[in-house]
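Per my numbering, the sequence shown starts with residue 6, numbered consecutively.
Where is the CB? At the ideal position from N, CA and C, for every residue including glycine.
Bear in mind the structure is a predicted one, so any value in this text is a computation, not a measurement.
Worksheet for the structure shown next.
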Amino acid sequence: MTSNTFMPNTDSGKADFLEHAASTLPHYAALLEVTNEDLSSLQADAQAFRYTLKCLGDMQAYAHHWTEYKNILRDGGAATMGWAVPPMLTEPTPATVNSGIIPRLSALVAHLKSHKNYTSAIGLALGLIGTTTVEDPNTWKPILTAQNKAGHPIIGWTKGAAAAIEIWVDRGDGAGFTFLTINTEPNTSDNQPLPTTSAVWKYKAIYRLHDEQIGQWSDVLSITVGG
Numbered sequence: 006m007t008s009n010t011f012m013p014n015t016d017s018g019k020a021d022f023l024e025h026a027a028s029t030l031p032h033y034a035a036l037l038e039v040t041n042e043d044l045s046s047l048q049a050d051a052q053a054f055r056y057t058l059k060c061l062g063d064m065q066a067y068a069h070h071w072t073e074y075k076n077i078l079r080d081g082g083a084a085t086m087g088w089a090v091p092p093m094l095t096e097p098t099p100a101t102v103n104s105g106i107i108p109r110l111s112a113l114v115a116h117l118k119s120h121k122n123y124t125s126a127i128g129l130a131l132g133l134i135g136t137t138t139v140e141d142p143n144t145w146k147p148i149l150t151a152q153n154k155a156g157h158p159i160i161g162w163t164k165g166a167a168a169a170i171e172i173w174v175d176r177g178d179g180a181g182f183t184f185l186t187i188n189t190e191p192n193t194s195d196n197q198p199l200p201t202t203s204a205v206w207k208y209k210a211i212y213r214l215h216d217e218q219i220g221q222w223s224d225v226l227s228i229t230v231g232g
């Protein structure tokens, strides 16, 4: 089980969160001792950031139209295009704010969460509690990568939430895949003596949890050795 941060990853998500916080926080301002200055700053930040994203989208669309016009003007085409019309700035223009909107927001959130009157219910109302993701170990699948040290293969892998990894190898000798090792920490070296002629060794792996195999076998990784 992993917890995700409350802060959205995208600019659009951050703008939505700023607007939600700016409209919701006044209901809890007295309880959490949020000053009028902090509320005004949050509301100004929300307006300025949304306005900036809107203008950016308009300008990017304008640039795209110019690129299309340039390409047709240069190369020809069936489409008929006129000069791109510059976008009009949306009115009214919000007040400018200092840089660092997200750091200011993060500092405000830290203050709210540390306040004696803060509760999980308030956090949910303000959107300050991240979602929880439940991982299904049955979907785990190792991704193997190949490295080399003095001619010997090194099998690269990441551990994630697993306890260990179990690796099998097929050395092309007719025996098929046979057990190689169980490792609890990445990565895994194969120190089997190298063949005198070129050969292809194949590896596959599966994660382990509670001393049992878990999840799916990795794709087979083929490595040329010897020769």
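CB of residue i within 9 Å of CB of residue j, strictly
i      : j      : result
Val205 : Thr229 : yes
Ile106 : Leu23  : yes
Leu113 : Asp43  : yes
Ala53  : Pro99  : yes
Ala27  : Asp50  : yes
Asp195 : Pro142 : no
Leu47  : Leu110 : yes
His116 : Val174 : no
Ala130 : Tyr33  : yes
Leu214 : Ala180 : no
Cβ separation of residue i and residue j, assumed to be a contact under 8 Å, to the nearest whole Å
i      : j      : result
Pro191 : Gly161 : 7 Å
Thr186 : Ile172 : 6 Å
Gly271 : Tyr208 : Outside the displayed range of the chain (6 to 232) lies residue 271, so it cannot be described from this structure.
Leu37  : Asn122 : 6 Å
Ser203 : Ile148 : With 8 Å as the limit, Ser203 and Ile148 do not qualify as a contact, their Cβ atoms being about 26 Å apart.
Gly135 : Leu199 : No, Gly135 and Leu199 are not in contact; Cβ-Cβ is about 49 Å, not under 8 Å.
Ser17  : Leu58  : 7 Å
Rounded C-alpha distance that separates residue i from residue j
i      : j      : result
Asn14  : Asp178 : 50 Å
Tyr67  : Ser45  : 33 Å
Arg176 : Phe182 : 8 Å
Gly82  : Lys19  : 41 Å
Glu73  : His120 : 54 Å
Gln197 : Leu226 : 17 Å
Ala210 : Thr10  : 32 Å
Thr193 : Gly231 : 18 Å
Trp145 : Phe184 : 20 Å
Glu140 : His69  : 41 Å
Thr294 : His25  : For the chain, the structure presents residues 6 to 232; residue 294 sits outside this window and is missing.
Ala21  : Glu217 : As written in the sequence, residue 21 is Asp, which differs from the Ala given in the question. The straight-line gap from Cα to Cα measures roughly 44 Å.
Met12  : Gly128 : 13 Å
Pro92  : Asp80  : 26 Å
Thr124 : Lys75  : 57 Å
Ala126 : Trp71  : 50 Å
Opening and closing residue of the alpha helix (DSSP H) in which residue i lies
i      : result
Gly62  : Asn41 to Asp80
His116 : Ile106 to Ser119
Ile127 : Ser125 to Leu131
Glu24  : Asp16 to Thr29
Where residue i sits in the DSSP three-state scheme
i      : result
Glu171 : strand
Met6   : Residue confidence is low: Met6 scores 47 on pLDDT, short of 50, so the model does not pin down where it sits. Its coordinate-derived value is still stated next. Three-state DSSP puts Met6 in coil, outside helix and strand.
His32  : helix
Pro158 : strand
Thr144 : helix
Trp88  : coil
Asn153 : strand
Ile134 : coil
Glu96  : coil
Trp206 : strand
Val230 : strand
Leu214 : strand
Gly193 : At residue 193 the sequence reads Thr, which differs from the Gly that was named. Strand at Thr193.
Met12  : coil
Residue i, enclosing beta strand (DSSP E) - first and last residue
i      : result
Asn188 : Thr183 to Asn188
Gln221 : Element bounds for Gln221: n/a, residue is neither H nor E.
Cβ of residue i within 9 Å of any chain D Cβ
i      : result
Thr101 : The structure shown contains no chain D, having only a single protein chain.
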